[in-house]
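Student: One point on numbering: in UniProt numbering, the residue at position 70 of the sequence shown is 70, and numbering is uninterrupted. By construction, the Cβ of each residue, glycine as well, lies at the ideal position given by its N, Cα and C atoms. The structure presented is a predicted model; accordingly, all values stated were derived computationally and were not measured. Sharing a structure below in structure tokens format, with a few things to ask.
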Amino acid sequence: MKTQAEQQLIWVQAVLYEDLAFNTGKTIRYQGEEVALFKLKSGKLQALQNRCPHKEGVLAEGIVCDDHVFCPMHDRKIHLPSGLVQAPDTGCVRTYVTKVDDGTVYIGFPTTKEMAS
Ligand code: FES
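Quick look at the structure:
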């Protein structure tokens, strides 16, 4: 049985899990949204809004170190699980849930109503 949170998501097929390189971002686009998808060295997936809150650097092109990505433009450090920009800088980016089903990675996009809030 699905939880209420799962029922409010649209699961979008993104890529084959085995096609993702470790610690290298991949840009996934869905209905005008851009997501940076990362497969960490642990094998865990992290997905977040692909644009840095500072000046829209492309986070999928950033350098990953443990569970952070460094923006390729001005090196702000963003925590992958939470999307929070680390001090001394501030800001945050949206994060997305992911799942792997039969070797395929899916990204959960909130419904339109939820995304507006
Ligand atoms: S655009 Fe990301 S740190 Fe400036």
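Between the beta-carbon of residue 104 and the beta-carbon of residue 16, is there less than 8 Å?
Tutor: yes
Student: Please give me, in chain order, every unbroken run of the beta strand (DSSP E) with length at least 3 that falls completely inside the region 24–80.
Tutor: 26–30, 33–39, 45–49, 63–65, 68–70 and 77–79
Student: Given residue 26, which residues of its chain have a CB within under 7 Å of its CB, disregarding the five upstream and five downstream residues?
Tutor: 15, 20, 37 and 60
Student: Taking the C-alpha atoms as reference points, what is the distance between residue 166 and residue 9?
Tutor: Because the chain in this structure spans residues 1 to 117, residue 166 falls outside the shown range and cannot be described.
Student: Give the residues whose C-beta lies closer than 7 Å to at least one heavy atom of the ligand FES, in chain order.
Tutor: Qualifying residues come out as 52, 54, 55, 56, 57, 71, 73, 74, 75 and 76.
Student: Let me check understanding here. Comparing Cα to Cα, which of 70, 100, 88 and 22 lies closest to residue 50?
Tutor: 70
Student: Classify residue 76: buried if its beta carbon has 16 or more other beta carbons within 10 angstroms, exposed otherwise.
Tutor: buried
Student: What is the rounded straight-line gap between the Cα of residue 66 and the Cα of residue 111?
Tutor: 30 Å
Student: State the Cα-Cα distance for the pair residue 100 and residue 45, rounded to the nearest angstrom.
Tutor: 9 Å
Student: Going by the CB atoms, is the gap between residue 62 and residue 53 shorter than 8 Å?
Tutor: no
Student: Out of 96, 78 and 94, which has the shortest C-alpha to C-alpha gap to residue 88?
Tutor: 78
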